[in-house]
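These notes concern the structure reproduced below.
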Amino acid sequence: MNKQATHVAAAMMGTSRSSSAFPRPDVRVKIVAGVAILAAWQVGVAAFAPRFVAKPLGIAAAFPAVITDPAFQAAVASTLGAVLQGLSFAMLTGVIIGIAMGRVKVFDRLLNLYVNGLYAMPMVAVLPLLATWFGYESNARLATIVFAAFFSIVINVRDGARSVPPEYLEVCKAYRAKRRHVWFDITLHSSLPYLVAGFRLASGRALVGAVIAEFFVSLEGVGMYILTHARSFQHNEAVVGVLALAAFGLFFEWVMNWVMRRFLPWARRS
Amino acid sequence: MIELINSDARWVRRATFTISILLGAAIWEYAGHNANPLFMAPLIGSTQSPGVAARLVDFIGDSQFRAATLSSLKLFATGFVLALVVAVPFGIILARLTLLRVALESYILVLYVTPMVALIPFVLSILGFGFWPKVLVVFLFAFFPILYNTLEGARSVKPELLEVAGSFRASEWSMWQDILIPYTLPFALTGIRQATGRALVGMIAAEFFLSTSGLGEVIMVASRTPDMTNMLAAISLITILGVILMRGAQVLEQKFSAWRGVDG
Chain A
1 MNKQATHVAA AMMGTSRSSS AFPRPDVRVK IVAGVAILAA WQVGVAAFAP
51 RFVAKPLGIA AAFPAVITDP AFQAAVASTL GAVLQGLSFA MLTGVIIGIA
101 MGRVKVFDRL LNLYVNGLYA MPMVAVLPLL ATWFGYESNA RLATIVFAAF
151 FSIVINVRDG ARSVPPEYLE VCKAYRAKRR HVWFDITLHS SLPYLVAGFR
201 LASGRALVGA VIAEFFVSLE GVGMYILTHA RSFQHNEAVV GVLALAAFGL
251 FFEWVMNWVM RRFLPWARRS
Chain B
271 MIELINSDAR WVRRATFTIS ILLGAAIWEY AGHNANPLFM APLIGSTQSP
321 GVAARLVDFI GDSQFRAATL SSLKLFATGF VLALVVAVPF GIILARLTLL
371 RVALESYILV LYVTPMVALI PFVLSILGFG FWPKVLVVFL FAFFPILYNT
421 LEGARSVKPE LLEVAGSFRA SEWSMWQDIL IPYTLPFALT GIRQATGRAL
471 VGMIAAEFFL STSGLGEVIM VASRTPDMTN MLAAISLITI LGVILMRGAQ
521 VLEQKFSAWR GVDG
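Protein chains in written order, with my numbering: chain A, 1 to 270; chain B, 271 to 534.
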């Protein structure tokens with residue numbers, strides 16, 4: 001996981017490990033490739049696809065208007081707000097349950113079946129159920145986000161709490177450390193990298209959950225923005241919505257890498 | 271007492287597991303009997319109105335339902351296999367052609383973090399209804415995790431190994447067989463595990479939002495009726511399917527994980 005984090009960081013800074021000594025040709029190659037992809041898209045779509053299909057030049061032309069559109073800004077705020085709210089709730093409860101499962105065997109044995117099962121269940125499948133339970137409104141979206149994020153956090157925190165180095169626990173025992181010290185100073189601390197890994201997974205799933213819920217419940221948000229514009233054949237505008245989602249994804253990824261580098265440099269290589 | 275329930279003795283483990291199942295079933299049963307039947311259905315139910323477990327058994331004999339399951343599985347398998355067949359060789363080619371890898375990896379990362387659900391409206395309005403647009407959705411969900419992770423493996427191939435092989439005039443095929451495939455395989459399998467989960471999401475999402483079919487249709491119809499027993503039974507079946515597929519992918523991944531970073 002950490003190795004992957006370094007790679008992602010390297011990829012995002014426009015360098016890669018094998019050729020980090022020569023970053024500049026790398027950047028040039030990337031730009032050339034990007035331009036080539038965009039050109040192929042433009043020409044290919046113009047030649048073979050119906051007129052309404054998005055083309056890079058059309059997207060660029062639509063971009064400023066969409067970004068300044070208050071409806072689009074409201075949609076972004078609505079989706080992002082719900083994702084952050086859902087993620088914080090999932091994180092708070094997920095960490096508690098994850099640590100309890102990792103450190104106390106009864107909890108693990110009681111909950112393992114359900115946590116693993118619900119983690120493997122595709123979250124779209126419960127969407128109609130959540131919509132029935134929480135009503136066709138924003139609560140259903142929030143519930144979907146929590147559901148999507150919760151189990152990946154629990155699973156990762158549990159693995160983290162399990163993998164506390166036994167030496168630390170022995171030292172704690174030898175010095176008769178209080179239980180709360182063992183839990184919060186040792187266990188929580190050494191499972192932090194796992195929490196970050198879980199949070200990375202959870203943020204991706206939460207974003208997917210938010211968009212799917214918006215499609216399903218017809219709720220204001222980026223997903224709905226994309227859906228309505230794609231339906232009315234304004235694909236260029238809709239693609240800007242997709243770009244916003246990709247930007248959220250990259251932003252979460254970037255924040256996680258920053259947190260790893262800034263606060264958890266000791267967790268680099270296990 | 272606390273010592274006892276936390277002990278590793280086999281009977282304690284088994285007892286806790288049994289209690290866990292019974293407790294879960296009891297909570298479900300209680301909720302099913304006491305909640306509004308529009309919101310919840312019991313697991314066992316009464317003889318007049320059998321619950322989810324009985325419905326699941328009924329499903330096995332129901333040819334319509336069997337057809338729905340098969341259609342879902344066909345959709346999943348087609349999209350997933352296509353993604354596999356394209357993404358893995360492409361990733362390995364990127365391991366071989368470093369320049370191409372450097373050129374494309376940032377864009378692959380961007381597509382990997384983009385929620386692919388957002389592309390469903392485009393697939394719908396360009397390609398319309400039918401089987402193949404749905405396959406495309408499953409393909410999109412599965413493709414980027416596999417490619418991204420295979421690329422991760424491609425980065426782990428040491429350039430020295432390829433240079434040595436080249437200077438001993440190894441054939442292209444033996445380079446693939448002895449260096450590229452063994453190095454990238456464990457990473458590709460991580461991607462395949464991730465892709466399994468995502469492709470299942472893609473499968474259900476495609477069945478919901480494009481032309482409804484398969485298990486997605488069963489859930490949709492049940493949510494409109496509303497027939498909670500059918501809905502919960504279909505969701506349970508999908509969960510079982512998900513657990514089996516994920517477990518299989520995990521086993522496969524662990525089997526080859528020892529190959530990862532032999533000398534790194």
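Quick reminder that beta carbons are idealized off the backbone N, C-alpha and C, glycines included.
Query raised in the report: To the nearest angstrom, how far is it from the Cα of B:W443 to the Cα of A:G117?
Result: Whole-angstrom Cα-Cα distance: 42 Å.
Query - Rounded C-alpha distance that separates A:V106 from A:G94 - result: If I take the Cα positions, the gap works out to 17 Å.
**Report entry** A:L250 to A:A244 span [Cα, whole Å]
**Finding:** Take the alpha-carbon of A:L250 and the one of A:A244: they are about 10 Å apart.
Report task. Could you name each continuous alpha helix (DSSP H) segment of 4 residues or more that falls completely within the segment 54-92 of chain A, going from the start of the chain to the end? Result -> Correct list: 56-68.
Query raised in the report: Helix or strand or just coil, what does DSSP make of B:P320?
Result: Collapsing the DSSP output to three states places B:P320 in a strand.
Requested in this report: Would you list the one or two residues that DSSP bridges to B:G315?
Outcome: Partner(s): B:P320.
Query raised in the report: Taking 8 Å as the CB-CB cut-off, is A:D26 touching chain B?
Result: True, the Cβ-Cβ gap to chain B drops below 8 Å.
**Report entry** Helix, strand or coil at A:E237 according to DSSP, with G and I counted as helix
**Finding:** In the three-state reduction of the DSSP assignment, A:E237 falls in the helix class.
Query - chain B residues whose Cβ lies nearer than 8 Å to that of A:V83 - result: Neighbours of A:V83 on chain B: none; closest Cβ ~11 Å, over 8 Å.
Query - Residues, ordered as in the chain, of the segment 49-62 of chain A that lie near chain B by beta-carbon distance below 9 Å - result: Shown in chain order are the members of the segment 49-62 of chain A whose Cβ falls below 9 Å from a Cβ of chain B: A49, P50, F52, V53, A54.
Report task. Give me the Cα-Cα distance between B:V491 and A:G98, rounded to the nearest whole angstrom. Result -> Going by the C-alpha atoms only, they are around 36 Å apart.
Query raised in the report: Would you say A:L207 reaches chain B, if we count a Cβ-Cβ gap shorter than 8 Å as a contact?
Result: Chain B, which has a Cβ nearer than 8 Å to the Cβ of A:L207, makes this yes.
Query raised in the report: Taking C-alpha atoms, which residue in A:V259, A:L192, A:T132 lies nearest to B:N306?
Result: The option with the nearest alpha carbon to B:N306 is A:T132.
Report task. List the residues of chain B that A:E253 touches, going by C-beta distances under 7 Å, in chain order. Result -> Here the neighbours are V383.
**Report entry** Cutoff 8 Å: B:P391 Cβ touching any chain A Cβ
**Finding:** Chain A contact via Cβ: present.
Query raised in the report: From A:G241 to B:S395, what does the alpha carbon distance come to, in whole angstroms?
Result: Rounded to whole angstroms, A:G241 and B:S395 show a C-alpha spacing of 16 Å.
Query raised in the report: If you draw a straight line from the alpha carbon of A:R162 to that of B:F360, how long is it in whole angstroms?
Result: Rounded to the nearest whole angstrom, the CA to CA distance from A:R162 to B:F360 is 37 Å.
Report task. Compare the C-alpha of A:L84 against each of A:S232, A:A210, A:A238, A:I67 and name the closest. Result -> Sorting A:S232, A:A210, A:A238, A:I67 by C-alpha distance to the C-alpha of A:L84 places A:A210 at the top.
Report task. Report, in whole angstroms, the separation of the C-beta atoms of A:A82 and A:L130, which I expect to be a contact under 8 Å. Result -> Incorrect: roughly 13 Å between the Cβ atoms, too far for contact.
Query raised in the report: Do we get a CB-CB distance below 8 Å when we pair A:A75 with the residues of chain B?
Result: No - not a single Cβ of chain B is within 8 Å of the one on A:A75.
Report task. For A:M91, I'd like the list of residues in its chain whose CB is within less than 7 Å of its CB, leaving aside the five on either flank, ordered along the chain. Result -> Closer than 7 Å at Cβ, skipping near neighbours: I153, F199.
Query raised in the report: Candidates A:W254, A:F147, A:A77, A:G160: which alpha carbon is nearest A:L195's?
Result: The candidate whose alpha carbon is nearest that of A:L195 is A:G160.
Query raised in the report: Buried or exposed: where does B:A528 fall if 16 or more other Cβ atoms within 10 Å of its Cβ makes it buried?
Result: The residue is exposed, with fewer than 16 neighbouring Cβ atoms inside 10 Å.
Query raised in the report: Does DSSP put B:I514 in a helix, a strand or coil?
Result: DSSP places B:I514 within a helical segment (H, G or I) once states are collapsed to three.
Query raised in the report: Expressed to the nearest angstrom, what Euclidean distance is found between the alpha-carbon atoms of A:T187 and A:I96?
Result: Their Cα atoms are separated by approximately 12 Å.
Report task. Establish whether the CB of B:V521 and some CB of chain A are separated by less than 8 Å. Result -> B:V521 is outside the set of residues whose beta carbon lies under 8 Å from a beta carbon in chain A.
Requested in this report: Show which residues of chain A have a CB atom less than 7 Å away from the CB atom of B:P496.
Outcome: For a Cβ distance threshold of 7 Å, residue set T132 of chain A lies close to B:P496, ordered along the chain.
Query raised in the report: To the nearest angstrom, how far is it from the Cα of A:H229 to the Cα of A:P64?
Result: Taking the CA atoms as reference points, A:H229 sits about 16 Å from A:P64.
Query raised in the report: So is B:P312 buried or exposed if we call it buried at 16+ other beta carbons inside 10 Å?
Result: It counts as buried.
Requested in this report: Check whether the Cβ atoms of A:M101 and A:R179 sit closer than 8 Å, and answer yes or no.
Outcome: For A:M101 and A:R179, no; Cβs fall outside 8 Å.
Report task. To the nearest angstrom, report how far apart B:T460 and A:D26 are at their CA atoms. Result -> C-alpha separation (whole angstroms): 27 Å.
Query - chain B within 8 Å of A:G273, Cβ atoms only - result: As shown, chain A starts at 1 and ends at 270. That puts residue 273 of chain A outside it, with no answer to give.
Query raised in the report: Between the C-alpha atoms of B:A324 and B:S506, what's the straight-line distance to the nearest angstrom?
Result: Separation of B:A324 and B:S506 (C-alpha to C-alpha, rounded to the nearest whole angstrom) is 12 Å.
Requested in this report: For chain A, find out if any of its Cβ atoms is closer than 8 Å to the Cβ of B:T454; answer yes or no.
Outcome: Not one chain A Cβ lies under 8 Å of B:T454.
Query raised in the report: Is B:V488 helix, strand or coil by DSSP?
Result: In the three-state DSSP reduction, B:V488 falls in the helix class (H, G or I).
Report task. Closer than 8 Å by C-beta to B:I275: which residues in its own chain qualify, once you throw out the five before and the five after it? Chain order, please. Result -> By the criterion of a C-beta distance shorter than 8 Å, B:I275 is surrounded in its chain by V282, T286, once the five residues flanking it on both sides are discounted.
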